[in-house]
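Undergrad:
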Amino acid sequence: MTDILEGHGPLIDPARAVEALQAAWKNPELPEKPFFFSEGAAPLAGGPHDQLVPDGVQNPYWEVVRWMPSTPPVFGTMPEVQMEPMYFAPELSMRLALLGASRQQLCTQYAWSIPSPGDITWMVEQLGGRAVVEVGAGTGYWAWQLEQAGVDVAAYDPLPPGWENRWCSGGPYTTVLVEGAEAAAAHPDRVLLMVWPPHQGEHARHALSVYQGDLLLYAGEGWGGANADDGFYELLDEEWVEVSASPAHVNWWGIRCRLAAYRRQ
Numbered sequence: 018m019t020d021i022l023e024g025h026g027p028l029i030d031p032a033r034a035v036e037a038l039q040a041a042w043k044n045p046e047l048p049e050k051p052f053f054f055s056e057g058a059a060p061l062a063g064g065p066h067d068q069l070v071p072d073g074v075q076n077p078y079w080e081v082v083r084w085m086p087s088t089p090p091v092f093g094t095m096p097e098v099q100m101e102p103m104y105f106a107p108e109l110s111m112r113l114a115l116l117g118a119s120r121q122q123l124c125t126q127y128a129w130s131i132p133s134p135g136d137i138t139w140m141v142e143q144l145g146g147r148a149v150v151e152v153g154a155g156t157g158y159w160a161w162q163l164e165q166a167g168v169d170v171a172a173y174d175p176l177p178p179g180w181e182n183r184w185c186s187g188g189p190y191t192t193v194l195v196e197g198a199e200a201a202a203a204h205p206d207r208v209l210l211m212v213w214p215p216h217q218g219e220h221a222r223h224a225l226s227v228y229q230g231d232l233l234l235y236a237g238e239g240w241g242g243a244n245a246d247d248g249f250y251e252l253l254d255e256e257w258v259e260v261s262a263s264p265a266h267v268n269w270w271g272i273r274c275r276l277a278a279y280r281r282q
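For the sequence shown, this note's numbering begins at 18 and goes up steadily by one.
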């Protein structure tokens, strides 16, 4: 019998983090010796690359991210969000980090890849009304975002989130059933979704090998990156072809994550 993951409640208060970041931008208390990325750093909020959460939708992860320091892209076309609020003076940076304005806290509470509002819009377009099976759903955050957009998602993960799980300490934000990569085999009619699978783990390769459907949505780094193993990318190259990629995907600084759609050849 498949178990359902139970919630552990919020670990950070996103509203307080946003409020503190907004106040910091009004009085940034810049460090005496600026970091190499500090010149030109600015929040996404109010800028040309800002993305607004639709009315009636909750995306607390994005609401914090859009107020963190971001800099011109090293990879891709979208600005990159700094992993820590180090644009500000050390004391202020520490206060912001304690409120949750850091990559580590946001990733473990929500998700390791950032789901922007534009990403969700792009995914809905790729799905064309189809349902989704997500394996390795973690906290269920991406599934929750899709559900708010009207998508039917069956989410699975072998490890419950919580204090004992150093990768996923928040959530779950929706129903996540306790099952591994083999869950993909039971849903050939659904589109397979995988977000930031474990580095050098067999999970992503196993899921893709047993999945009998025709469409994959994948958010992660490529060959030699932080996600999956070589076997996964070999299978992806041999049996799948990329058909689209989200133009609105925002990364943490130095991260080369792409959100792309692949169709079986």
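Virtual Cβ for every residue (Gly too), placed ideally from N, Cα, C.
(1) Apart from the five residues on each side of it in sequence, which residues of its chain come closer than 8 angstroms, Cβ to Cβ, to residue 262?
(2) If residue 114 and residue 83 are in contact, beta carbons under 8 angstroms, what's the gap, nearest whole angstrom?
(3) Mapping the DSSP letters down to three states, classify residue 40 as helix, strand or coil.
(4) Starting from residue 278 and walking both ways along the beta strand (DSSP E), at which residues does that stretch end?
(5) What does residue 129 pair with, by DSSP beta-bridge criteria?
(6) Checking 9 angstroms against the spacing of the C-beta atoms, do residue 70 and residue 268 come in under that value?
(7) Between the region 136 to 143 and the region 93 to 112, can you find at least three pairs of beta-carbon atoms closer than 8 angstroms?
(8) Buried or exposed for residue 108, please, with buried defined as at least 16 other CB atoms from any protein chain shown within 10 angstroms of its CB.
(9) How long is the line joining the alpha carbons of residue 148 and residue 44, rounded to whole angstroms?
(10) Distance check for residue 244 and residue 219, CA to CA, integer angstroms please.
(11) Go through its chain and collect everything with a Cβ distance to residue 106's Cβ below 7 angstroms, but skip five positions before and after it.
(12) Count the other C-beta atoms from every protein chain shown that fall within 10 angstroms of the C-beta of residue 184, then say buried if there are 16 or more, exposed otherwise.
(13) What residues in its chain sit with their C-beta under 6 angstroms from that of residue 33, if we drop five residues either side in the sequence?
(14) From the DSSP output, in three-state form, read off residue 219 for me.
(15) Using the Cβ count rule (16 or more neighbours within 10 Å means buried), how would you classify residue 205?
TA: Well, looking at it:
(1) 275, 276, 277 and 278
(2) Incorrect: roughly 17 angstroms between the Cβ atoms, too far for contact.
(3) helix
(4) 275 to 281
(5) Bridge partners of residue 129: none, in fact.
(6) no
(7) no
(8) exposed
(9) 46 angstroms
(10) 10 angstroms
(11) 46, 47 and 48
(12) exposed
(13) 116
(14) coil
(15) exposed
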